[in-house]
Ligand code: SAH
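Below you can see the structure in the form of structure tokens.
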């Protein structure tokens, strides 16, 4: 017997006119149905920290989209895709909280104070960050301050560049035959230098795949550390820049050559640098750009 004849969860059956009509109804209502979907209330005086994803507007979550349509003010970072901000209703104030045009960038303390002021004035405050707010995005620091101040907040996770951005380059972060673990690493700490707490020999030995954020500036130094620790110079490396956007660029090299490539100084940014055998899968899995062209949403 055909499962479709017995399973009540399957609403659409080719010869069942009533169910077919229901399906047609869902399709006709389309995306607009989200406006009435039972999302959580965005309460005045609350702050939502929302991950915007790696750049392409289509990679914003539905919860993020909901927040965008309800917010009274949006405080956003440099890496938020510009097309996402265009989805904010006309009239919603957009406040930039990053570095621009040589001006002094807002410090973390400035940003936190601004968020608290807005929330205390009774606004629905949307703090929009690139990728996922809790992955190298200082979301934890911001929330600690909000918690301390007693201001209620919600976290809306986003697609992190080190996972979703790599997917757009045809590079899985894990793959059963190559790696059972992956390490996410930042290329610098608060001082701009190599992060002091990283055990480079341990990392070189134990992590088959290393995904690095903010690593282009220190890449020569990082590659040298890994090589000194015995990592194979033929290990494949990919630099995935402006991932998910129409301008996405991927440069492939080997660990032994990564240092001189970085020192030549023309690596595009923002970029994720990934080291390890998963990079080789790109040969077969590079679906984006070489195969399918980017649309405006991704
Ligand atoms: N919270 C973000 C990361 C912020 S740190 C996330 O989860 O993705 C900023 C770094 O993220 C950049 O230096 C770069 O390494 C990476 N990044 C962000 N967007 C990117 C993109 N579209 N393409 C490649 N790297 C990106």
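Numbering (my numbering), first residue to last: 4 to 301. Beta carbons: idealized from backbone N, C-alpha and C, even for Gly.
Along the beta strand (DSSP E) that carries residue 51, what are the first and last residues, could you check?
Looking at the DSSP string, the run of the beta strand (DSSP E) that includes residue 51 is 50-54.
For residue 222 versus residue 270, is the C-beta distance shorter than 9 Å?
Yes, the pair counts as a contact, with Cβ atoms nearer than the cut-off.
Cβ-heavy atom distance between residue 217 and the ligand HEM below 8 Å?
Among the ligands modelled here, namely the ligand SAH, the ligand HEM does not occur.
Which of helix, strand or coil DSSP assigns to residue 72:
Residue state, collapsed to three classes: helix.
Would you mind stating whether residue 118 and residue 130 have Cβ atoms separated by less than 9 Å?
Contact annotation: residue 118 and residue 130 have beta-carbon atoms nearer than 9 Å.
Indicate the three-state DSSP secondary structure (helix, strand or coil) for residue 134 in the structure shown.
Correct three-state label for residue 134: strand.
Tell me whether the region 282-294 and the region 51-65 touch, counting them as touching only if at least three CB pairs, one residue from each stretch, are closer than 8 Å.
By the Cβ test, the region 282-294 is not in contact with the region 51-65, since fewer than three Cβ pairs between them sit closer than 8 Å.
Pick from 170, 135, 188, 139 that is closest to residue 162, judged by C-alpha positions:
Of the listed residues, the one whose Cα sits closest to residue 162 is 135.
Return yes when the Cβ of residue 121 is within less than 9 Å of the Cβ of residue 50, no when it is not.
In contact: residue 50 and residue 121 (Cβ atoms closer than 9 Å).
Going along the chain, which residues of its own chain have a beta-carbon closer than 7 Å to the beta-carbon of residue 31, five neighbours each way excluded?
Because residue 31 sits at a pLDDT of 46, beneath the cut-off of 50, its placement in the model cannot be relied upon, and the following sentence gives the value as read from the coordinates. Cβ neighbours of residue 31 beyond the five flanking positions: none.
Where residue 79 and residue 126 are concerned, what is the direct C-alpha to C-alpha distance, given to the nearest angstrom?
Our two residues, residue 79 and residue 126, have alpha carbons roughly 15 Å apart in a direct line.
For residue 186 and residue 206, believed in contact at Cβ under 8 Å, the rounded distance:
Their Cβ separation, rounded to whole angstroms, is 6 Å, which keeps residue 206 and residue 186 in contact under 8 Å.
Validate contact between the region 136-147 and the region 83-98 using beta carbons, cut 8 Å, 3 pairs
No contact exists between the region 136-147 and the region 83-98.
Could you tell me which of 281, 220, 155 sits nearest to residue 264, measuring between CA atoms?
Ranking 281, 220, 155 by Cα distance to residue 264 puts 220 first.
At which residues does the beta strand (DSSP E) containing residue 239 begin and terminate?
Counting along the chain, the beta strand (DSSP E) containing residue 239 begins and ends at 239-244.
Output the residue ranges of the alpha helix (DSSP H) runs that lie fully inside the region 169-239 and measure 4 residues or longer, sorted by chain position.
Runs of the alpha helix (DSSP H) inside the region 169-239: 203-209, 222-231.
Could you check if residue 41 is buried or exposed, using at least 16 other CB atoms within 10 Å of its CB as the buried criterion?
Counting Cβ neighbours within 10 Å, residue 41 comes out exposed, since fewer than 16 surround it.
Quick check: the Cα distance between residue 199 and residue 128, rounded to an integer number of angstroms?
In a straight line, the C-alpha of residue 199 is about 35 Å away from that of residue 128.
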